[in-house]
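Take any residue in the sequence shown, note its place counting from 1, add 3, and you have its number in this note's numbering.
Heads up, the beta-carbon is just placed ideally off N, CA and C, and yes, glycines get one too.
Structure record follows, encoded as structure tokens.
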Amino acid sequence: MVETRNSKLKQKNKTVRIVGKRTSKHIETEISTQPTKRARKTIVKEVTVESESGVTKIEPTLSSIHSKLAVQASKKRAAILEKYLRVKEYDRGDIILGIRVPDVRSISKNLGFLPFTVLKDLINSKYHEERLLSVINLVDKYKISKDSEEKKILFEFYLNDMREGIDNWDLVDISASHVVGSYLIDKPELKKTWLFGRLVNSDRLWDRRIAIVSTLYFINQGQFEDTTKLSEILLNDEKDLIHKATGWMLREVGK
């Protein structure tokens, strides 16, 4: 799997045993790890799972997904996106492949809904479009889910397991309202815990942006109070991306 930025890697190659959620047997696969500024990324050669129905299939892996994305890469577009996404300013070690968002969406759709292990690998990738695909994949799964328990799991996975990798404005804006806003709209106590607690008071720019952008879902449902309260809290924020997000939400309120 992927080690976080603060973890240490002592072995260059090792064998791990993977057990999928729907797997009826253990699978061993040889992996190699490569250090990057963003994270140490695991390249899995192949993962075979046997479902409860006995049908064996190949689960998508990080390396196979990267290959699909690389086909759509453009150096010219990457140079433009690096400036647009302010990559150098944030100095996160991101690599932009230069892939259009619709193309990332198409690849995500063709892959189907990915298991949490793969989503976590993708969100910790040094490649921006791999993190984007991870977010898009989870959002799409959340949108079609009709099960309240599944929505809760996806919401918690987004905030607890994916949030550290959501570190650019586009990743926030494409996901926050659809997952966080949608889940919290009728949960006042959780709103206090997350929106008015951990997120808006975080030292992390992206957490604060998640807080305010999440309220776009509330606005679309005719609820404006949380947006105005959060806007007041963020009034003197030092980051321009927070002021831009706050202004955006207030304009939506005024429509």
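Item, Value
"Beta carbon of S137 nearer than 7 Å to that of I147", "no"
"Residue burial classification, T230 (beta-carbon count within 10 angstroms, cutoff 16)", "buried"
"Span of the alpha helix (DSSP H), counted from its first residue to its last, around S217", "L208 to S217"
"Coarse secondary structure for I222, derived from DSSP in three states", "helix"
"Pairwise C-alpha distance: I83 and K242", "23 Å"
"Reduced DSSP secondary structure (H/G/I, E/B, other) of I98", "strand"
"Rounded straight-line distance, which links the Cα of Y186 to that of S151", "9 Å"
"Counterpart residues of Y186 in DSSP-defined beta bridges", "Paired residue(s): none; Y186 is not in a bridge."
"Host alpha helix (DSSP H) of A81 (start-end)", "K78 to Y87"
"Outcome for G168 when other beta-carbon atoms lying within 10 angstroms are tallied against a minimum of 16", "buried"
"Option in K129, R166 and G115 with minimal Cα separation from I213", "R166"
"Supposed contact pair Y130 and L157 - C-beta distance, whole angstroms, cut 8 Å", "The Cβ separation is near 23 Å, so there is no contact."
"CA nearest to the CA of L114, picked from S67, K232 and E132", "S67"
"Touching by the beta-carbon criterion (3+ pairs, under 8 Å), the region 246-255 and the region 216-223", "yes"
"Sequence-distant residues of the same chain with beta carbon closer than 7 Å to V58, five excluded per side", "The predicted model places V58 with a pLDDT of 47, which falls under 50 and marks its position as unreliable; any figure quoted below should be read in that light. So no residue of the chain qualifies."
"Among Q224, F116, T120 and W209, the one whose alpha carbon lies nearest that of G184", "Q224"
"Inside the region 93-139 only - alpha helix (DSSP H) runs reaching at least 4 residues", "104-114 and 119-126"
"8 Å contact criterion, which L237 and D173 should meet: CB distance rounded", "Rounded, the Cβ-Cβ distance is 19 Å, inconsistent with contact."
"M165, enclosing alpha helix (DSSP H) - first and last residue", "No alpha helix (DSSP H) holds M165; DSSP gives it neither H nor E."
"Simplified DSSP assignment, three categories, for E55", "Since pLDDT at E55 reaches only 47, below the 50 mark, its modelled position is unreliable, and the value read off the structure follows with that caveat. Coil at E55, not helix or strand."
"Of the listed residues D206, F199 and S205, nearest to E228 (C-alpha basis)", "F199"
"Reduced DSSP secondary structure (H/G/I, E/B, other) of S234", "helix"
"C-beta contact flag for N140 and S111 at 7 Å", "yes"
"Reduced DSSP secondary structure (H/G/I, E/B, other) of P191", "helix"
"Close Cβ partners of K40 (< 6 Å) along its chain, the five nearest in sequence each way excluded", "In this prediction, K40 scores a pLDDT of 48, lower than 50, which makes its location untrustworthy; no coordinate-derived value is stated."
"Bounding residues of the alpha helix (DSSP H) (the contiguous stretch that carries M64)", "The residue you asked about is not Met; residue 64 is Thr in the sequence shown. It is not in any alpha helix (DSSP H) - T64 carries neither H nor E in the DSSP assignment."
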